[in-house]
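Participant: Handing you a structure now.
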Amino acid sequence: MKPLRLLESRAAYLCLLPTFLFVGVFLVYPTFEAVRISFLDWNMRNYYNPEFVGFSNYKEIFSNDVFIDSFRVLAIFLGWQLVVLQGISVFAGYLIYLLGTSRFAGFIKVAFIIPMVIPGMVSTLFWLFFYEPTNGMLNVLLGTLGLDSWQKVWLGESQTTAIGSLLMKGFPWISGIGFLIYLAGFQSLDESVRESARMDGASGWKVFWAIDLPLILPQLKLTTILVLIGGIQQYGDQYILTKGGPGYDTTVPGLFLFNNAFNYGKLGIGSAAGVTLFLIIALFTVLNLRFMKSRT
Numbered sequence: 001m002k003p004l005r006l007l008e009s010r011a012a013y014l015c016l017l018p019t020f021l022f023v024g025v026f027l028v029y030p031t032f033e034a035v036r037i038s039f040l041d042w043n044m045r046n047y048y049n050p051e052f053v054g055f056s057n058y059k060e061i062f063s064n065d066v067f068i069d070s071f072r073v074l075a076i077f078l079g080w081q082l083v084v085l086q087g088i089s090v091f092a093g094y095l096i097y098l099l100g101t102s103r104f105a106g107f108i109k110v111a112f113i114i115p116m117v118i119p120g121m122v123s124t125l126f127w128l129f130f131y132e133p134t135n136g137m138l139n140v141l142l143g144t145l146g147l148d149s150w151q152k153v154w155l156g157e158s159q160t161t162a163i164g165s166l167l168m169k170g171f172p173w174i175s176g177i178g179f180l181i182y183l184a185g186f187q188s189l190d191e192s193v194r195e196s197a198r199m200d201g202a203s204g205w206k207v208f209w210a211i212d213l214p215l216i217l218p219q220l221k222l223t224t225i226l227v228l229i230g231g232i233q234q235y236g237d238q239y240i241l242t243k244g245g246p247g248y249d250t251t252v253p254g255l256f257l258f259n260n261a262f263n264y265g266k267l268g269i270g271s272a273a274g275v276t277l278f279l280i281i282a283l284f285t286v287l288n289l290r291f292m293k294s295r296t
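Sequential numbering from 1 applies to the sequence shown in UniProt numbering.
This is the structure:
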């Protein structure tokens, strides 16, 4: 019967064949190729004759201070995204939920969603101009207010100002996708439970912490793993705004990978870094599957 079912569904499988080919050629094959290259000494000197060096590339990256320190920098950005960005998005979604179906609520929803349709590159370039030391909006504003002593080379003066400037990017830090997920979660809540709590004398703050927030735990779990996976891979802001500087002070693992593979021509080192990130993300994915299944 099973072979017969396969024959009956052959049209559906033929329709899926282009998708399988695309995934195989552009996703699966590059992954295995990156693993293979990570065991080679492949750079611009021996581009046409790479040498097998085993785990030497892995030993090199894990003895590289820049690569090791990049995880500390990455932890700062991930912590900021999880605590600040997620927290603000939760409260924004909750406040819009409390507004109900009013016109003002609809206007606010559109205002929060509009940035999602703006290309990320446009937003990043805006912040690059905002922090520009000579004619940038921030230093010009400080000069206009007579605060010349506060003017800085925000993206290149020190690690503190550079990382701080990157963290400030995207103010007021409301994630469009996270906002929509949380808003949908709040809107799916059973209003009768909230009404019962109010009748028992629970304050609005108590209702939020004891009832509403625990009930959107699945959405919180989902967005948390999405932030972790996306944050580990991300390096575009650092590349465009600071080039990983000053020095290597804002270099994250993704930027270390990119620089070694494409700027320095060290394809083996870059692939080893990429495989390392792949394994870390795979670990987070496995943990997420268990985390999502848990009830607490």
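We put the CB at the ideal spot given by N, CA and C, even for glycine.
When DSSP labels each residue in this structure, what does residue 33 get in the three-state scheme?
Facilitator: Along the sequence shown, one-based indexing puts residue 33 at 33. Residue state, collapsed to three classes: helix.
Participant: Taking just the CA atoms, how far does residue 53 sit from residue 59?
Facilitator: As a working note, residue 59 is residue 59 in the sequence shown. As a working note, residue 53 is residue 53 in the sequence shown. Rounded to the nearest angstrom, the two C-alpha atoms are 11 Å apart.
Participant: Quick check: the Cα distance between residue 129 and residue 151, rounded to an integer number of angstroms?
Facilitator: As a working note, residue 129 is residue 129 in the sequence shown. As a working note, residue 151 is residue 151 in the sequence shown. Approximately 15 Å, taken between the alpha carbons.
Participant: Assess, as a yes-or-no matter, whether the stretch 118–127 is touched by the stretch 267–277 under the definition of 3 or more beta carbon pairs within less than 8 Å.
Facilitator: No, the stretch 267–277 does not touch the stretch 118–127.
Participant: What does the alpha-carbon distance come out to for the pair residue 204 and residue 195?
Facilitator: For the purposes of this step, residue 204 is identified with residue 204 of the sequence shown, where counting begins at 1. For the purposes of this step, residue 195 is identified with residue 195 of the sequence shown, where counting begins at 1. Near 11 Å, if we compare the C-alpha coordinates of residue 195 and residue 204.
Participant: Would you be able to state if there are at least three C-beta pairs under 8 Å between the stretch 215–225 and the stretch 124–143?
Facilitator: Segments in contact, no.
Participant: How long is the line joining the alpha carbons of residue 1 and residue 10, rounded to whole angstroms?
Facilitator: Along the sequence shown, read from residue 1 onward, the residue named residue 1 stands at position 1. Along the sequence shown, read from residue 1 onward, the residue named residue 10 stands at position 10. Caution is warranted here: a pLDDT of 47 is assigned to residue 1, below 50, making its placement in the model unreliable, and the coordinate value is therefore given only provisionally. In a straight line, the C-alpha of residue 1 is about 14 Å away from that of residue 10.
Participant: What does the Cβ neighbour count give for residue 100, buried or exposed, with the cut at 16 atoms within 10 Å?
Facilitator: As a position in the sequence shown, residue 100 is number 100, starting the count at 1. Residue 100 is exposed by the Cβ-count criterion.
Participant: In chain order, what residues of the same chain lie with their CB nearer than 8 Å to the CB of residue 212, ignoring the 5 residues before and after it?
Facilitator: Within the sequence shown, residue 212 is the residue found at index 212, counting from 1. Cβ neighbours of residue 212 beyond the five flanking positions: 94, 186, 189, 194.
Participant: Could you check the C-alpha separation between residue 277 and residue 198 for me, to the nearest Å?
Facilitator: For this step, residue 277 is matched to residue 277 along the sequence shown. For this step, residue 198 is matched to residue 198 along the sequence shown. Going from the Cα of residue 277 to the Cα of residue 198 covers about 48 Å.
Participant: Do you know offhand how far residue 153's Cα is from residue 248's?
Facilitator: Taking the sequence shown and counting its residues from 1, the one referred to as residue 153 is at position 153. Taking the sequence shown and counting its residues from 1, the one referred to as residue 248 is at position 248. Straight-line Cα distance between these residues: approximately 16 Å.
Participant: Report, in whole angstroms, the separation of the C-beta atoms of residue 266 and residue 43, which I expect to be a contact under 8 Å.
Facilitator: The count along the sequence shown starts at 1 and reaches residue 266 at position 266. The count along the sequence shown starts at 1 and reaches residue 43 at position 43. Confirmed, about 5 Å.
Participant: With distances taken from CA atoms, which of 191, 37, 228, 229 is nearest residue 215?
Facilitator: The sequence position of residue 215 within the sequence shown is 215, counting from 1. Checked all of 191, 37, 228, 229; the closest Cα to residue 215 is 191.
Participant: Please state the DSSP three-state secondary structure of residue 1.
Facilitator: The residue given as residue 1 occupies position 1 in the sequence shown. Because residue 1 sits at a pLDDT of 47, beneath the cut-off of 50, its placement in the model cannot be relied upon, and the point is left open.
Participant: So, at 7 Å on beta carbons, what are the nonlocal neighbours of residue 260 in its own chain, with the 5 sequence-adjacent residues on each side left out?
Facilitator: The residue you call residue 260 lines up with position 260 of the sequence shown. Once the five neighbours on either side are set aside, the close Cβ partners of residue 260 are 266, 269, 270, 273.
Participant: Taking all protein chains shown into account, do 16 or more other C-beta atoms lie within 10 angstroms of the C-beta of residue 16, making it buried, or fewer, making it exposed?
Facilitator: Stepping through the sequence shown from its first residue, residue 16 is reached at position 16. By the 10 Å Cβ count, residue 16 comes out exposed.
Participant: Assuming residue 194 is part of the alpha helix (DSSP H), what are its boundary residues?
Facilitator: Position 194 of the sequence shown, counted from the start, is the residue given in the question as residue 194. Note, residue 194: alpha helix (DSSP H), 191–199.
Participant: For a test of the three-state rule: what should DSSP assign to residue 212, helix, strand or coil?
Facilitator: Reading the sequence shown from its first residue, position 212 is the one you call residue 212. It is helical.
Participant: Which one of 178, 262, 239, 263 has the shortest CA to CA distance from residue 225?
Facilitator: Locating residue 225 in the sequence shown gives position 225, counting from the first residue. Nearest of 178, 262, 239, 263 to residue 225, Cα basis: 178.
Participant: Looking at the structure shown, is residue 112 part of a helix, part of a strand, or coil, going by DSSP?
Facilitator: For the purposes of this step, residue 112 is taken as the residue at position 112 of the sequence shown. Of the three classes helix, strand and coil, the one that applies to residue 112 here is helix, per DSSP.
Participant: Keeping to the same chain, check which residues put their C-beta closer than 7 Å to that of residue 127; ignore five residues upstream and five downstream.
Facilitator: Stepping through the sequence shown from its first residue, residue 127 is reached at position 127. Contacts found: 169, 241.
Participant: Is it buried or exposed for residue 39, if we count other Cβ within 10 angstroms and need 16 for buried?
Facilitator: Position 39 of the sequence shown, counted from the start, is the residue given in the question as residue 39. Per the 10 Å Cβ criterion, buried.
Participant: Give me the Cα-Cα distance between residue 244 and residue 69, rounded to the nearest whole angstrom.
Facilitator: Working through the sequence shown from its first residue, we reach residue 244 at position 244. Working through the sequence shown from its first residue, we reach residue 69 at position 69. Approximately 12 Å, taken between the alpha carbons.
Participant: Let's test the definition: count the other Cβ atoms within 10 Å of the Cβ of residue 139 and tell me whether it reaches 16, buried, or not, exposed.
Facilitator: Counting from one through the sequence shown, the residue named residue 139 turns up at place 139. The residue is buried, with at least 16 neighbouring Cβ atoms inside 10 Å.
Participant: Measuring CB to CB, does residue 257 end up less than 8 Å from residue 238?
Facilitator: Against the sequence shown, residue 257 aligns to sequence position 257. Against the sequence shown, residue 238 aligns to sequence position 238. No, the Cβ-Cβ distance between residue 257 and residue 238 is not below 8 Å.
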